[in-house]
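Colleague: Handing you a structure now.
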Amino acid sequence: MTALLLKQASVEDRLLLEKHAIPAHFLPVFEYYPCVDPAALSKQLKKKHTGWIFTSKRAVETVAPYLMKPSEIRPILTVGKRSADHLGQVGWQVTGMYEEVKSLLPGLSSFPVEEWIYFCGALHRPQIRSYCLANQISLHEEVVYNYRSLTVELPPGEVSSIWAFSSATLQAFQSHLGSDLLNKPIFCIGPSTATTARALHFREVHTSPHPDLSSLVKVYHQFKIA
C-alpha cells in the first residue's frame, strides 16, 4: 500500500520518506514556472518604506536572483521555516516567521510601513488581501510564478492515504475522488487545506501543526501508531 502525495517530488522529499520507510507515490497536479517581469519586480524591490511577505519557498527562490544586498531595514514576514531559511541564506533577515497565514495577519498591522508587497504565485492566499482591505492596509501582490495543470493518472495498486499540500491542488484533484479515495485518511499541510478536504467529504482528516513535509511525516506516524 502506497501513500499518494499530491506534489512534485524533490530529492529531499524522497530521502525523507525513505528514511521513515514510507512507501510513496508522488503525483503532481500542477507544474509551476517563473513568470517574472524583471523591470516590474526590480521596481517593487527598490521601493522605500515597504514590508515584504513570502508564503512559499518557491516565491523566495524566484525572487532571490533579483535581490541586492540589504540597503535598509524592512519588515519581512514569512509562512514556514523553509522560506525564512532561504532568505537568510541570501543575506536577508526575516522579521517574523509564522506557521500559517492566520498567524501572520496581525503582523501586517504591527509595522509602520507605507505598503506591503506580497511576492506570490498566480494561485495565492486570499486571506492576506481580505485582511488588508478590511483594515485599510496598502497591499501590492507581485505575481512571480504561474502554473499549468498536468494530466493526472492514478498509480496502480492500493492507496493507503492521501497527502495534500494546498487547497488549490486538492480542488484540482477533485474529479478523481471516488468513494474509495474519500474513505482513505488524508494528511493536510495546514488548516486551510484540511477545511477543503472536509468540504470534499473526506471522512478522516489529519492536519500538520507546521507547514512542511517533516511535520506531516510525524503526524502520519502518530496516526499509524494509534
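Here our numbering is used: position 100 in the sequence shown is 1496, and no number is missing along the way.
Backbone N, C-alpha and C define an ideal beta-carbon position, used for all residues, glycine too.
Here's a check: name, in chain order, each residue in its chain whose Cβ is nearer than 7 Å to the Cβ of E1510, leaving out the five neighbours to either side.
Modeller: Numbered from 1 along the sequence shown, position 114 holds the residue referred to as residue 1510. For E1510, where only same-chain residues beyond five positions count, the Cβ hits under 7 Å are H1445, T1446 and S1534.
Colleague: At what residues does the alpha helix (DSSP H) containing V1459 begin and finish?
Modeller: Your numbering for residue 1459 matches position 63 in the sequence shown. Run containing V1459: K1453 to V1459, per the alpha helix (DSSP H) assignment.
Colleague: According to DSSP, is I1418 part of a helix, a strand, or is it coil?
Modeller: As a position in the sequence shown, residue 1418 is number 22, starting the count at 1. Three-state result, I1418: coil.
Colleague: Alpha carbon to alpha carbon, how far is P1434 from Y1462? Give it in angstroms, no decimals.
Modeller: For this step, residue 1462 is matched to residue 66 along the sequence shown. For this step, residue 1434 is matched to residue 38 along the sequence shown. Inter-residue distance for Y1462 and P1434 is about 8 Å (C-alpha atoms, whole angstroms).
Colleague: In the structure shown, what three-state DSSP assignment does V1613 receive?
Modeller: Along the sequence shown, one-based indexing puts residue 1613 at 217. The answer is helix: DSSP assigns V1613 an H, G or I state.
Colleague: Under the three-state reduction of DSSP, which class applies to R1470: helix, strand or coil?
Modeller: Position 74 of the sequence shown, counted from the start, is the residue given in the question as residue 1470. If DSSP states are grouped into helix, strand and coil, R1470 belongs with coil.
Colleague: Less than 7 Å between the beta carbons of F1641 and S1479, yes or no?
Modeller: Examination of residue 1641 is not possible in this model, given that the chain is present from 1397 through 1622 alone.
Colleague: Give the straight-line distance between the Cα atoms of L1573 and M1464, rounded to the nearest whole angstrom.
Modeller: Counting from one through the sequence shown, the residue named residue 1573 turns up at place 177. Counting from one through the sequence shown, the residue named residue 1464 turns up at place 68. Going from the Cα of L1573 to the Cα of M1464 covers about 46 Å.
Colleague: To the nearest angstrom, how far is it from the Cα of Y1541 to the Cα of P1581?
Modeller: Taking the first residue of the sequence shown as 1, we reach residue 1541 at position 145. Taking the first residue of the sequence shown as 1, we reach residue 1581 at position 185. If you take the alpha carbons of Y1541 and P1581, they lie about 31 Å apart.
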